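> Sharing a structure with you now.
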Amino acid sequence: DSGVTQTPKHLITATGQRVTLRCSPRSGDLSVYWYQQSLDQGLQFLIQYYNGEERAKGNILERFSAQQFPDLHSELNLSSLELGDSALYFCASSRGLQETQYFGPGTRLLVL
Amino acid sequence: LAKTTQPISMDSYEGQEVNITCSHNNIATNDYITWYQQFPSQGPRFIIQGYKTKVTNEVASLFIPADRKSSTLSLPRVSLSDTAVYYCLVGGRGGADGLTFGKGTHLIIQP
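Which chain is which? The protein sequence lines are P and V, in order. Counting with the working numbering, you get residues 1 to 112 for the letters of the first sequence. Counting with the working numbering, you get residues 1001 to 1111 for the letters of the second sequence.
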């Protein structure tokens, strides 16, 4: 158990819908990262927040957005969902900006 | 970020020592080398991290030659439960930005 929690564990929705994935970092960690893992793309970095501020962006679509709240939990919002958005979404956290990342168990999203 | 190259897959038997080598010819002076393990449908799990020479913890050893252009993850006495994908990453100590994962090495341990 990494100490990072993610909800929900599974999510099934339809194309065109919007969903929100939630992540709670390890206690004391200030940085949160979001990753997408699909069968054909491997593990892709989406976005990073540090102490509430966006820090870095990776391959995140404009339909996707995220935020980190004052209590340091983070939410990833996925809108106008497409079949290709079906994937595992992982959240990771680290103490600071240059610390080891610890991953949560992931949210499996299935878009039908 | 430095690009890494590692075997697509490997197999071994229970009780053997397994060595997975990763090439990172363009590693920068400030880069660390980090290995993660991932089981199906689970998040990657940190195994070990090093900068140079040798690092050992309770699950693995990491060997880094002087030129730092490659590294070897050593798993002693593997068991069936070590069957997983192993990722080698090079970059900032933990990654100020997100980590760049390659395809990883699929390690299959047989009885």
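Glycine residues also receive a C-beta, built at the ideal position from the N, C-alpha and C atoms. Being a predicted model, the structure only gives us computed values, none of them experimental.
With DSSP run on the structure shown, which of helix, strand or coil describes residue 1082 of chain V?
One-based indexing of the second sequence puts residue 1082 of chain V at position 82. The answer is helix: DSSP assigns residue 1082 of chain V an H, G or I state.
> Measure the beta-carbon distance from residue 89 of chain P to residue 2 of chain P and round it to whole angstroms, keeping in mind my assumption that it falls under 8 Å.
Position 89 of the first sequence, counting from 1, holds the residue named residue 89 of chain P. Position 2 of the first sequence, counting from 1, holds the residue named residue 2 of chain P. Not quite, the Cβ-Cβ distance comes to about 15 Å (not below 8 Å), so this is no contact.
> Which whole-angstrom value describes the C-beta separation of residue 22 of chain P and residue 37 of chain P, a residue pair presumed to lie in contact below a C-beta threshold of 8 Å?
Numbered from its first residue, the first sequence carries residue 22 of chain P at position 22. Numbered from its first residue, the first sequence carries residue 37 of chain P at position 37. At roughly 18 Å, the Cβ-Cβ gap does not stay under 8 Å, so residue 22 of chain P and residue 37 of chain P are not in contact.
> So residue 1003 of chain V packs on residue 42 of chain P, CB below 8 Å; how close in whole Å?
Indexing the second sequence from 1 puts residue 1003 of chain V at position 3. Indexing the first sequence from 1 puts residue 42 of chain P at position 42. Actually they do not touch by this definition, with Cβ atoms about 14 Å apart.
> Alpha carbon to alpha carbon, how far is residue 1025 of chain V from residue 15 of chain P?
Stepping through the second sequence from its first residue, residue 1025 of chain V is reached at position 25. Stepping through the first sequence from its first residue, residue 15 of chain P is reached at position 15. Each residue's Cα considered, the two are about 43 Å apart.
> Could you check where the beta strand (DSSP E) with residue 57 of chain P kicks off and where it finishes?
Taking the first residue of the first sequence as position 1, residue 57 of chain P is located at position 57. That run of the beta strand (DSSP E) goes 53-57.
> Hey, does residue 1101 of chain V have any beta-carbon neighbour from chain P nearer than 8 Å?
In the second sequence, the residue the question calls residue 1101 of chain V occupies position 101. True, the Cβ-Cβ gap to chain P drops below 8 Å.
> Which of the three DSSP states, helix, strand or coil, is assigned to residue 71 of chain P?
On the first sequence, position 71 is the one that residue 71 of chain P refers to. In this structure, residue 71 of chain P counts as coil in the three-state DSSP scheme.
> Rounded to whole angstroms, what's the CA-CA distance from residue 57 of chain P to residue 92 of chain P? Just pull it up for me.
The residue you call residue 57 of chain P lines up with position 57 of the first sequence. The residue you call residue 92 of chain P lines up with position 92 of the first sequence. Cα to Cα, the separation comes out at about 14 Å.
> Distance, Cα to Cα, residue 1012 of chain V vs residue 44 of chain P?
On the second sequence, residue 1012 of chain V is found 12 positions in, with the first residue counted as 1. On the first sequence, residue 44 of chain P is found 44 positions in, with the first residue counted as 1. Rounded to the nearest angstrom, the two C-alpha atoms are 29 Å apart.
> For a quick check, are the C-beta atoms of residue 1107 of chain V and residue 1082 of chain V less than 8 Å apart?
Your numbering for residue 1107 of chain V matches position 107 in the second sequence. Your numbering for residue 1082 of chain V matches position 82 in the second sequence. Taking 8 Å as the Cβ cut-off, residue 1107 of chain V and residue 1082 of chain V qualify as a contacting pair.
> By alpha-carbon positions, which one of P/70, P/34 and P/52 ends up nearest to residue 77 of chain P?
Translated into the one-based positions of the first sequence, residue 77 of chain P becomes position 77. When only C-alpha atoms are compared, the closest one is P/34.
> Apart from the five residues on each side of it in sequence, which residues of its chain come closer than 6 Å, Cβ to Cβ, to residue 1019 of chain V?
Numbered from 1 along the second sequence, position 19 holds the residue referred to as residue 1019 of chain V. Closer than 6 Å at Cβ, skipping near neighbours: 1072 and 1074.
> I believe residue 1036 of chain V touches residue 1047 of chain V by the beta-carbon criterion, under 8 Å. Please report the beta-carbon distance rounded to the nearest angstrom.
Stepping through the second sequence from its first residue, residue 1036 of chain V is reached at position 36. Stepping through the second sequence from its first residue, residue 1047 of chain V is reached at position 47. The Cβ separation is near 6 Å, so the contact holds.
> Taking Cβ positions, are residue 1105 of chain V and residue 1009 of chain V nearer each other than 8 Å?
Numbered from its first residue, the second sequence carries residue 1105 of chain V at position 105. Numbered from its first residue, the second sequence carries residue 1009 of chain V at position 9. Yes, the pair counts as a contact, with Cβ atoms nearer than the cut-off.
> Just to confirm, is the Cβ distance from residue 30 of chain P to residue 95 of chain P under 8 Å?
Taking the first sequence and counting its residues from 1, one reaches residue 30 of chain P at position 30. Taking the first sequence and counting its residues from 1, one reaches residue 95 of chain P at position 95. Cβ distance < 8 Å, so residue 30 of chain P and residue 95 of chain P count as in contact.
> Which residues in chain P sit within 7 Å of residue 1050 of chain V, going by Cβ to Cβ distance?
As a position in the second sequence, residue 1050 of chain V is number 50, starting the count at 1. Near residue 1050 of chain V there are no residues of chain P at all, since even the closest Cβ is about 12 Å away, more than 7 Å.
> Taking 8 Å as the cut-off, decide whether the C-beta atoms of residue 1042 of chain V and residue 105 of chain P are in contact.
One-based indexing of the second sequence puts residue 1042 of chain V at position 42. One-based indexing of the first sequence puts residue 105 of chain P at position 105. Contact: yes.
> Let's test the definition: count the other Cβ atoms within 10 Å of the Cβ of residue 28 of chain P and tell me whether it reaches 16, buried, or not, exposed.
The sequence position of residue 28 of chain P within the first sequence is 28, counting from 1. The residue in question, residue 28 of chain P, is exposed, as its Cβ has fewer than 16 Cβ neighbours within 10 Å.
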